[in-house]
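J.: Numbering (the working numbering), first residue to last: 7 to 148.
Using N, Cα and C, we set each Cβ at its ideal position, and we do this for glycine too.
1. Per the contact definition of three or more C-beta pairs closer than 8 Å, is the segment 69 to 82 in contact with the segment 8 to 25?
2. Tell me whether residue 117 is buried or exposed, calling it buried when 16 or more other Cβ atoms sit within 10 Å of its Cβ.
3. Is the segment 105 to 117 close to the segment 45 to 54, with three or more CB pairs under 8 Å?
4. Secondary structure at residue 12, three-state DSSP: helix, strand or coil?
5. Going by other Cβ atoms of all chains shown within 10 Å of its Cβ, with 16 needed for buried, is residue 92 buried or exposed?
6. Between residue 113 and residue 100, how many whole angstroms is the CB-CB distance? I'm expecting something under 8 Å.
7. To the nearest angstrom, report how far apart residue 25 and residue 94 are at their CA atoms.
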């Protein structure tokens, strides 16, 4: 069987990563958030409360689009608006207890599923997978 060229191999890799991502996301079940919603909640969990404009800049979005995302998260009870500590004209967005709990639940479900399927691999395959993960991370950081 002839070896695939680099472009075909790259396409196969993209498709494989996409399928794995979809499977991991599906493991989270009914609490799954959109990628943007999850990114905003992750940023709030990591960096603490922020203004809509700050979140939009950090995520490379228009403030209006971020406002829509925040409104959806607020409606779900995941985030809440609080007065800005130093500027009375601004409002900070912060995670609610429910938002933090849902975020943790989603992370746990994803981690559990992935750990279970990785455990089905033999030791050599796991070692190869983890080395590939390091390489993929380096590629993503370029």
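T.: Reading it off the structure:
1. These segments do not touch.
2. The residue you call residue 117 lines up with position 111 of the chain shown. So residue 117 ends up on the exposed side.
3. yes
4. Taking the chain shown and counting its residues from 1, one reaches residue 12 at position 6. Helix at residue 12.
5. Along the chain shown, one-based indexing puts residue 92 at 86. Exposed is the call here.
6. For the purposes of this step, residue 113 is taken as the residue at position 107 of the chain shown. For the purposes of this step, residue 100 is taken as the residue at position 94 of the chain shown. Actually they are not in contact, since the Cβ atoms of residue 113 and residue 100 sit about 19 Å apart, beyond 8 Å.
7. Position 19 of the chain shown, counting from 1, holds the residue named residue 25. Position 88 of the chain shown, counting from 1, holds the residue named residue 94. One C-alpha to the other measures close to 46 Å.
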